[in-house]
Amino acid sequence: MSTETRAAGRCTCGAVKILITLPAKGCVHCHCPACRHAHGAAFVTWVSVLRSGCQLSGREHLKWYQDTPTSRRGFCVNCGSPLLFIADRWPDDIHVALACIVSEVEISPKFHLSFDQRVAWFPFDDSLPRLGTNMEKMH
């Protein structure tokens, strides 16, 4: 008997649909400037799954932006929703923005990443571990 479940996600307009296999490999809040700027938010919560466990429909509406020489971000060309992140650092993984998941699933962030680059205007009072940009423990 398999313990795998599926979670569905989509962009705002529904042109790009995502189906991921759970359990996720991980879930983190990322505070790096690139994630903040791409999402227009204080931080982005990513769910990491194996690329083989991610099915996409509406690929003709998905555009990939080369964010760095080693990473790309996927977004919907119709509504602009930021959805996906892939990087050479994690070649087997795809990272899905948790906010685009529409299924009721139990996925919780495990730590803050790049916390040393966080914005000063948002108060963080949770007890999750806080890692710096180079994944060193901050406190």
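If you read the sequence shown in this note's numbering, its first letter stands for residue 2, the second for the next number, and so on.
Ideal placement from N, C-alpha and C gives every residue a C-beta, glycine not left out.
Would you verify that the beta carbon of residue i is, or is not, closer than 7 Å to some beta carbon of chain B?
i, result
"valine 78", "No chain B is present in this structure, which holds just one protein chain."
Cβ atoms of residue j and residue i: under 7 Å apart, would you say?
i, j, result
"histidine 96", "tryptophan 65", "no"
"threonine 71", "aspartate 89", "yes"
"lysine 111", "cysteine 31", "no"
Considering Cα atoms alone, identify which of the options is closest to residue i.
i, options, result
"leucine 99", "Gly10, Glu5, Thr6", "Gly10"
"cysteine 14", "Trp122, Pro83, Ala25, Asp93", "Pro83"
"glutamate 5", "Leu23, Lys18, Ile19, Val17", "Leu23"
"glutamine 67", "Gly59, Ala35, Phe125", "Ala35"
"isoleucine 21", "Arg131, Gln56, Arg37", "Gln56"
"histidine 113", "Asn79, Trp122, Thr134, Glu105", "Thr134"
"alanine 43", "Phe76, Val120, Ala25", "Val120"
"proline 92", "Glu107, Arg52, Cys77", "Arg52"
Taking 6 Å as the cut-off, is the beta-carbon of residue i closer than that to any non-hydrogen atom of the ligand COA?
i, result
"leucine 114", "Among the components modelled here there is no ligand, and therefore nothing to report on the ligand COA."
Check for me: the beta strand (DSSP E) holding residue i runs from which residue to which?
i, result
"arginine 119", "That residue, arginine 119, is in no beta strand (DSSP E); it is neither H nor E in DSSP."
"valine 29", "27-31"
"aspartate 68", "63-69"
"proline 92", "Counting along the chain, proline 92 falls outside any beta strand (DSSP E), and DSSP gives it neither H nor E."
Bridge partners of residue i, per DSSP?
i, result
"alanine 99", "Inspection of the sequence shows that residue 99 is occupied by leucine rather than by alanine. None, per the DSSP bridge assignment."
"threonine 6", "Leu23"
Provide the residue span of the alpha helix (DSSP H) that contains residue i, from first to last.
i, result
"proline 34", "34-40"
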